[in-house]
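J.: Heads up, our numbering is the position in the sequence shown plus 14, with the first residue counted as 1.
Beta carbons are placed, not taken as given, at the ideal position from N, Cα and C, and that holds for glycine.
This structure is a prediction, so every number in the text was calculated from the model and none was measured.
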Amino acid sequence: MAAVVRFRSGIVDLHKVPVAASTIVAPGDLVFLDEGKAKPAALFPMGETLAATKVAFAKVFIGIAHEASAAGETEEISVDLSPLAVYEVNIAPGASLFGGALAIDGTNTALRSSQLIVTTTANQAIARVARPIVEGETTARVMFASAFSVASANASAVVG
15 MAAVVRFRSG
25 IVDLHKVPVA
35 ASTIVAPGDL
45 VFLDEGKAKP
55 AALFPMGETL
65 AATKVAFAKV
75 FIGIAHEASA
85 AGETEEISVD
95 LSPLAVYEVN
105 IAPGASLFGG
115 ALAIDGTNTA
125 LRSSQLIVTT
135 TANQAIARVA
145 RPIVEGETTA
155 RVMFASAFSV
165 ASANASAVVG
């Protein structure tokens, strides 16, 4: 399924973020900051384990892309850093209560740019469940926790 922005409610906090000319970003991609530029999660370098990679990703997670960037484009894209906005995103199978933690999903070879998974490991979390997830659902309503918003619950968002 192609990545799309599925904003549902709340207050967005859009920021213009640079993108490298060689990077392709789709609306709805979960993006991280690499040397001052936004990149989709699928381009995040894999660590020794998937768990370690998720922790590292959470430390540099920006938010959800609202605009596309094709190969060769150098225009900045809008990315939502707000912890108050609710989005509907793809999720891996797994139930969760309201407020449950969600991490970026992936395999041992790559992260997925637009899918989350339930986690019990706090330092992997980049989102919280905004409406309980029933086993078998393929999407969930979530609130993101950017590492670059001082209003965020992301442990890396602490300044000072």
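Would you list the one or two residues that DSSP bridges to Phe-46?
T.: Reading the sequence shown from its first residue, position 32 is the one you call residue 46. Phe-46 pairs with Lys-53, Phe-75.
J.: Report yes or no: do the region 146 to 166 and the region 93 to 112 share at least 3 C-beta pairs separated by less than 8 Å?
T.: Enough Cβ pairs lie closer than 8 Å, so yes.
J.: From Asp-27, Ile-25, Arg-145, Val-39, pick the residue whose C-alpha is nearest to that of Val-18; which is it?
T.: Your numbering for residue 18 matches position 4 in the sequence shown. When only C-alpha atoms are compared, the closest one is Val-39.
J.: Short check: CB of Met-60 to CB of Ala-139, under 8 Å?
T.: Position 46 of the sequence shown, counted from the first residue, corresponds to residue 60. Position 125 of the sequence shown, counted from the first residue, corresponds to residue 139. It is not a contact, given that the beta carbons lie outside the stated cut-off.
J.: Helix, strand or coil for Ala-37 per DSSP?
T.: Stepping through the sequence shown from its first residue, residue 37 is reached at position 23. This sequence places Thr at residue 37; Ala is not what is there. If DSSP states are grouped into helix, strand and coil, Thr-37 belongs with coil.
J.: One question on the structure: do Leu-163 and Asp-27 come within less than 8 Å of each other, judged by their Cβ atoms?
T.: Translated into the one-based positions of the sequence shown, residue 163 becomes position 149. Translated into the one-based positions of the sequence shown, residue 27 becomes position 13. In the sequence as presented, Leu is not what sits at residue 163; that position holds Ser. Cβ atoms of Ser-163 and Asp-27: closer than 8 Å.
J.: Pull up the DSSP beta-bridge partners for His-29, would you.
T.: The residue given as residue 29 occupies position 15 in the sequence shown. DSSP output for His-29 lists Val-93 as bridge partner(s).
J.: Using the C-alpha atoms, what's the distance from Ser-170 back to Ala-65?
T.: Your numbering for residue 65 matches position 51 in the sequence shown. Your numbering for residue 170 matches position 156 in the sequence shown. For Ala-65 and Ser-170, the distance between alpha carbons rounds to 17 Å.
J.: Suppose you measure from the CA of Phe-58 to the CA of Gly-108; what does that come to, to the nearest Å?
T.: As a first step, residue 58 is located in the sequence shown; it is residue number 44 there, counting from the start. As a first step, residue 108 is located in the sequence shown; it is residue number 94 there, counting from the start. Straight-line Cα distance between these residues: approximately 24 Å.
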